[in-house]
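Chemist: Below you will find the structure I want to go over with you.
Residue numbers (UniProt numbering): 1 to 212.
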């Protein structure tokens with residue numbers, strides 16, 4: 001069942017007819033009043049031009065948004081450099097990539113870096129997760145970046161303020177405990193609720209270039 005919208009315009013009316021089975025475009029029927037004053041006729045023309053301009057602007061916005069989404073959905077293998085092992089690629093964020101990098105909370109002159117499978121796709125991090133509202137003095141852990149694979153797999157980099165993990169200052173990562181102990185403190189930020197012990201398959205740490 002189809003319906004139309006009728007808008008009264010002085011001596012006539014503007015009827016917006018929904019698309020029929022044969023036509024996919026919406027049709028705007030504007031009546032012509034021979035007895036109408038010139039001012040009223042000009043008003044109708046102005047209204048019609050405004051409607052066409054609004055439609056064009058909406059169409060342009062949707063096109064721009066679709067292009068942005070298409071660019072954001074690219075596999076990392078299409079734009080990141082090779083890591084040097086197998087077919088992995090290397091991700092290094094720019095100095096303005098995240099709120100923490102822009103604020104200097106995370107060192108933007110020598111930021112984190114890690115390897116990714118080439119078929120992973122970067123995901124959007126919500127403002128509330130990114131720490132955008134609390135940088136540079138966030139009291140809770142926040143998420144820097146998220147990558148996911150179409151066939152499964154997920155990489156999520158979470159940064160935690162030191163005071164969330166220990167009351168001591170200037171401590172090394174090794175002094176914070178084992179990976180399992182650290183996961184107990186930040187696990188709910190990873191899962192969004194709580195970390196079930198049975199959900200943890202394996203954990204380990206290693207030292208590379210003097211960093212643990």
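Ideal Cβ positions, reconstructed from N, Cα and C, are used throughout, including at glycine.
(1) Can you name, in chain order, every residue of its own chain whose Cβ lies under 7 Å from the Cβ of residue 129, other than the five neighbours on each side?
(2) Go to residue 82, then tell me how far its beta strand (DSSP E) extends in each direction, as first and last residue.
(3) Taking contact to mean at least 3 C-beta pairs separated by less than 8 Å, is the stretch 130-138 in contact with the stretch 83-96?
(4) Of all the options 99, 102, 103 and 78, which has the alpha carbon lying nearest to the alpha carbon of residue 91?
(5) Verify whether the separation of the beta carbon atoms of residue 121 and residue 75 is less than 8 Å.
(6) Which of helix, strand or coil does DSSP assign to residue 199?
(7) Using DSSP's beta-bridge definition, name the partner residues of residue 146.
(8) Using alpha carbons as the reference points, say which of 155, 111, 98 and 180 lies closest to residue 135.
(9) Taking only three categories from DSSP, how would you classify residue 151?
(10) Reducing DSSP to helix, strand and coil, say where residue 174 ends up.
(11) For residue 103, which beta-bridge partners are listed by DSSP?
(12) Apply the 10 Å Cβ neighbour rule to residue 173 and answer buried if 16 or more other Cβ atoms are within range, or exposed otherwise.
(13) If I follow the unbroken beta strand (DSSP E) through residue 116, where does it start and stop?
Modeler: If we stick to the structure as given:
(1) 142 and 143
(2) Where residue 82 is concerned, there is no enclosing beta strand (DSSP E), given that its DSSP letter is neither H nor E.
(3) no
(4) Closest option to residue 91, Cα to Cα, is 78.
(5) yes
(6) helix
(7) 123 and 156
(8) 98
(9) coil
(10) helix
(11) Looking at the DSSP assignment, residue 103 forms no beta bridge with any residue, so it has no partner.
(12) exposed
(13) Taken as a continuous stretch (DSSP letters only), the beta strand (DSSP E) holding residue 116 covers 114-116.
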